[in-house]
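Counting in my numbering, the sequence shown runs from 76 upward without gaps.
Here a beta-carbon is modelled for each residue, glycine too, at the ideal position from N, C-alpha and C.
The structure appears right after this line, and notes come after that.
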Amino acid sequence: MAGDLAGIFGNTKMGYCYTRVANPTISAFENRITKLENGLASVACSSGMAALSMVIKFFSVSK
Numbered sequence: 076m077a078g079d080l081a082g083i084f085g086n087t088k089m090g091y092c093y094t095r096v097a098n099p100t101i102s103a104f105e106n107r108i109t110k111l112e113n114g115l116a117s118v119a120c121s122s123g124m125a126a127l128s129m130v131i132k133f134f135s136v137s138k
C-alpha cells in the first residue's frame with residue numbers, strides 16, 4: 076500500500092490517494108459532462124467563483 080501511494084503521489088502510477096487531487100466520483104462526473112457536451116475534457120470546480128477564477132487565469136496566461 077505504501078509503495079502504491081508513493082507511485083500515485085509521484086505521478087508514476089494511476090490511482091486515487093487524496094480527494095483534492097483526484098476522486099473517483101468527481102472523475103466520473105467530469106467524464107459524463109465531457110460526453111454530454113461532446114467535449115475533449117471537463118474540469119469540475121468546487122464553486123462558481125472557483126470556476127470563474129480558473130477561466131480568468133487560463134485566458135490571462137494563454138495570451
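Exercise for the section: With residue 86 as the anchor, note down where its alpha helix (DSSP H) starts and where it stops. Expected result: Within the sequence shown, residue 86 is the residue found at index 11, counting from 1. First-last for residue 86: undefined, no H or E at that position.
Next item on the list: Name the residue from 102, 98 and 91 whose alpha carbon lies nearest to the alpha carbon of residue 117.
Entry: Taking the first residue of the sequence shown as 1, we reach residue 117 at position 42. Ranking the options by Cα distance to residue 117, first place goes to 102.
For residue 118, three-class secondary structure by DSSP: Residue mapping note: residue 118 aligns to position 43 of the sequence shown, counting from 1. Residue 118 falls in the coil class under three-state DSSP.
Practice task
Along the alpha helix (DSSP H) that carries residue 106, what are the first and last residues, could you check?
Solution key: Position 31 of the sequence shown, counted from the first residue, corresponds to residue 106. It spans 99-111 - the alpha helix (DSSP H) in which residue 106 sits, taken as one unbroken run.
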